[in-house]
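Take a look at the structure below.
Residue numbers (the numbering used here), protein chains in the order written: chain Z, 5 to 287; chain R, 5 to 287; chain G, 5 to 287.
Given below as structure tokens:
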């Protein structure tokens, strides 16, 4: 048994069909006493940036762990399979498509990286056939690799070393700030309908007194008024606020209702924010 | 390590976005070997009564535990944060908005209660910054407090004692029974579409032979016929039954189909039940 | 404590309402240190074949365990309650309605079987009242039975022996293969919208060069063209492929989009596949 608290697990599999459990059962065969902490299996389908953001926010909150993450639209193609070691001691296991990058950076960057060889992983885990399926590398490659690392197996046994600079990155979301305005992509809509932008609230240099105008581009371009608040209950019914969410981002919110529904905003929509004309402009 | 079997965890966060895992990872940092039992994270958004009812039905079935419950529409406002000890030895941790009350009562009532100080909780857990966010006290206050209690830390270290009578209650659901009729609020619609009322079946004083008429108020007031049955398979296809559900309540049900869909009933709808005219009236 | 790695748990309860947790808390009261591995609680409502297929694919991947499975449209009727021992050492606990059969067969068939007596199970688990509810045998009978087996209690204490041949089977899904055509039922639509048929791809005797025509029967009978591919990324945008899914079945798929939505296919739909006329017919 290695020195890791648990295997965390994130995917876009959902809980129907037993795909998550197929991975967890495979892990239990290899390392029966290792706990699995489920981060989320409701990542937007195939959305590497959504998965990467969620992994990056959760991994640093827990103890050093092995993080298994599978959002893998390129499964079965020639995209690489990674194991990455970071300074804190965590390992990340998943496809080389940018998914792991934000969390790796949040934990201090790549210390060592390996390109996993699927057949070697399966042979080390005594899985048959040695050839993985073309459609489910979570079960066939990534979960076994994570489990083997949890037993303390050195990652070099499972593949060849890779330069940190060779890791793929996901495209950056749109976020631009100019004098008196900003444009940013919607990066999350949570269960409450809060609309989080790819922008820290502090980047907007706003003061509480500021009135804002908002437009969701590519919609009907309706203009909405908003103001900066601290929390949901600072808002009157129906009033649209902008607040710093629990990850530091600018987030559009209503009190007890869905801002996403009001605005017609979707993941990937672009929101344009501008200051109301007033004597009181930001410094 | 304290004497509690696990930390149970209930919220309205859903599994998207990693909010549940952010709390679980925070707990694992403080008390790595404590198991977390997930009750539900699909509580109706901000519905303190729904969350309270689910917590009250599950907590007594398990061993003495620490129960972390967060349905918290007032997050970031001045609503209090609670830790409550009950006679059986369980602790409850969550917002002071009525959420914890039904479960506390189901386990014998308040033994001791404390108003948690968020900054003290965070300092004791070595979390920085010491100031919590305004929008996510599950991660920033309640999960750390529950984890600290699981390590055996006395709750008095985390805040000041509170009188049991000071705890807030959630409003009671509508439930009235008169001669030959009853009116009650719909308190749950489960995945199968069963419609559970805020009323024990025994309060209706029905016999198996009774024919009933039902109306969902504020709908089109269509009248439905129903009869008391023991279980789903006692019903013919399309026949609407009323049965005692697994928590003792009167529940409207179909066999293999959704009564909620048939009736157009929603959470909070009021159902009026009356006896068919017949010689056979209840005593 | 017995020799089993964990209790696996599958149901159609969903996560709202705390039904899953009610079972897990009940288990924890009887055997506090036994881990529970959740397979899925999103089985199609009352669909014994869906539940059976998911259980059969996950159980063999993990170590010998106790498998608690509850998809139970006949709850409260006179359908039997089973405990089944298989050669590998696993126990299966659930209703006698065909749900457990595919997994039992995947693990080598029945070694011993018992018909559980609900009152005996509850008495052995010190649960009151000794009479179970009529609507929730997951909590009242099956979870306690699984937990008691996890403690090492011999199943013969909980009921009477049953002949292996007495176990009920679920109806087989439609699957027929003829010269140049096949018809098969849709048995799964996963979160990605892939449409898995009740047919192994190898039963179709296809070669990569084959062009296929597909019709979803009982729909508008529109004809679709398709070809055999290895994985999703082999497909051009909008191109419909047929591939071997991760459980060996023939599955209809798009690259990054939902084949089910395109085709209007639902669980239980029948898909007719025929070869395009060409000189290159299968052997």
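Even glycine gets a Cβ: it sits at the ideal position worked out from N, Cα and C.
What does residue i touch in chain Z if you count any residue whose Cβ is under 9 Å from its own?
| i | result |
| --- | --- |
| residue 77 of chain R | 236, 237, 259 and 260 |
| residue 192 of chain G | 20 and 21 |
Do we get a CB-CB distance below 8 Å when we pair residue i with the residues of chain Z?
| i | result |
| --- | --- |
| residue 58 of chain G | yes |
| residue 249 of chain G | yes |
| residue 71 of chain G | no |
| residue 98 of chain R | no |
| residue 49 of chain R | yes |
| residue 285 of chain R | Low per-residue confidence applies at residue 285 of chain R: pLDDT is 48, beneath 50, and the placement is therefore not dependable, though the value from the model is reported in the following sentence. By this cut-off, residue 285 of chain R is not an interface position. |
Please identify the residue among the options whose C-alpha is closest to the C-alpha of residue i.
| i | options | result |
| --- | --- | --- |
| residue 162 of chain Z | Z:188, Z:127 and Z:234 | Z:127 |
| residue 172 of chain Z | Z:85, Z:257, Z:137 and Z:246 | Z:85 |
| residue 64 of chain R | R:91, R:80 and R:53 | R:91 |
| residue 57 of chain R | G:22, G:183 and G:96 | G:22 |
| residue 179 of chain R | R:135, R:254 and R:38 | R:254 |
| residue 251 of chain G | Z:135, Z:106 and Z:140 | Z:140 |
| residue 261 of chain G | G:270, G:248 and G:236 | G:236 |
| residue 218 of chain Z | Z:166, Z:276 and Z:39 | Z:276 |
| residue 191 of chain G | G:97, G:28 and G:272 | G:272 |
| residue 68 of chain Z | Z:59, Z:20 and Z:8 | Z:8 |
| residue 200 of chain R | R:40, R:82 and R:177 | R:177 |
| residue 226 of chain G | G:205, G:266 and G:257 | G:266 |
| residue 155 of chain G | G:38, G:121, G:51 and G:131 | G:38 |
| residue 26 of chain G | R:12, R:33 and R:132 | R:12 |
| residue 270 of chain R | R:54, R:32 and R:19 | R:54 |
Any beta-carbon of chain R closer than 8 Å to the one on residue i?
| i | result |
| --- | --- |
| residue 62 of chain Z | yes |
| residue 84 of chain G | no |
| residue 46 of chain Z | yes |
| residue 280 of chain G | no |
| residue 93 of chain G | no |
Mind pulling the chain G residues with CB within less than 9 Å of residue i?
| i | result |
| --- | --- |
| residue 143 of chain R | Ordered by position in chain G, no residue passes the 9 Å Cβ test against residue 143 of chain R, which lies about 20 Å from the chain. |
If you drop the 5 nearest sequence neighbours on each side, which residues of the same chain put their C-beta closer than 7 Å to that of residue i?
| i | result |
| --- | --- |
| residue 78 of chain R | 99 and 101 |
| residue 105 of chain Z | 56, 171, 173 and 174 |
| residue 52 of chain R | 75, 101, 102, 103 and 174 |
Please tell me whether residue i has its Cβ less than 8 Å away from any Cβ of chain G.
| i | result |
| --- | --- |
| residue 138 of chain Z | yes |
| residue 41 of chain R | yes |
| residue 5 of chain R | A caution first: residue 5 of chain R carries a pLDDT of 46, below 50, which makes its placement in the model unreliable, though a value can still be read off. No, residue 5 of chain R does not count as interfacial toward chain G. |
| residue 272 of chain R | no |
Anything in chain R within Cβ reach of residue i, meaning under 7 Å, just list it in chain order.
| i | result |
| --- | --- |
| residue 36 of chain G | 9 and 67 |
| residue 112 of chain G | Correct list: empty, because the minimum Cβ distance to chain R is about 32 Å. |
Counting only Cβ pairs nearer than 8 Å, list the residues of chain Z close to residue i.
| i | result |
| --- | --- |
| residue 30 of chain R | 65 and 66 |
Rounded C-beta distance between residue i and residue j? I'm assuming under 8 Å.
| i | j | result |
| --- | --- | --- |
| residue 151 of chain Z | residue 35 of chain Z | 5 Å |
| residue 103 of chain Z | residue 75 of chain Z | 5 Å |
| residue 142 of chain R | residue 15 of chain R | 6 Å |
| residue 41 of chain R | residue 10 of chain R | 5 Å |
| residue 33 of chain Z | residue 66 of chain G | 6 Å |
Taking C-beta pairs closer than 7 Å, name the residues in chain Z that residue i reaches, listed in chain order.
| i | result |
| --- | --- |
| residue 17 of chain R | 195 |
Going along chain G, which residues have a C-beta under 7 Å from residue i?
| i | result |
| --- | --- |
| residue 26 of chain Z | 61, 62 and 65 |
| residue 81 of chain Z | 235 and 237 |
By Cβ distance below 6 Å, which residues in the same chain neighbour residue i in space, the five residues on each side in sequence not counted?
| i | result |
| --- | --- |
| residue 134 of chain R | 123, 126 and 127 |
| residue 121 of chain Z | 163 |
| residue 70 of chain G | 8, 11, 95, 150, 153 and 154 |
| residue 248 of chain R | 205 |
Can you pull the chain R neighbours of residue i, defined as C-beta to C-beta under 9 Å?
| i | result |
| --- | --- |
| residue 33 of chain G | 9, 65, 66 and 67 |
Residues in the same chain with beta-carbon distance under 8 Å from residue i, minus the five sequence neighbours each way, listed in chain order, please.
| i | result |
| --- | --- |
| residue 203 of chain Z | 179, 181, 186, 188, 253 and 254 |
| residue 113 of chain Z | 90, 91 and 168 |
| residue 216 of chain G | 210, 229, 230, 231, 232, 246, 277, 278, 279 and 280 |
| residue 109 of chain R | 60 |
| residue 274 of chain G | 178, 187, 188, 189, 190, 220, 221 and 222 |
| residue 118 of chain R | 86, 87, 88, 159, 160, 162, 163, 164, 165 and 166 |
| residue 5 of chain G | Caution applies to residue 5 of chain G, whose pLDDT of 46 falls short of 50 and renders its modelled position unreliable; the model cannot decide the point. |
Measuring only between beta-carbons, confirm whether residue i sits less than 8 Å from chain B.
| i | result |
| --- | --- |
| residue 106 of chain R | The question asks about chain B, but that chain is absent: this structure's protein chains are Z, R and G. |
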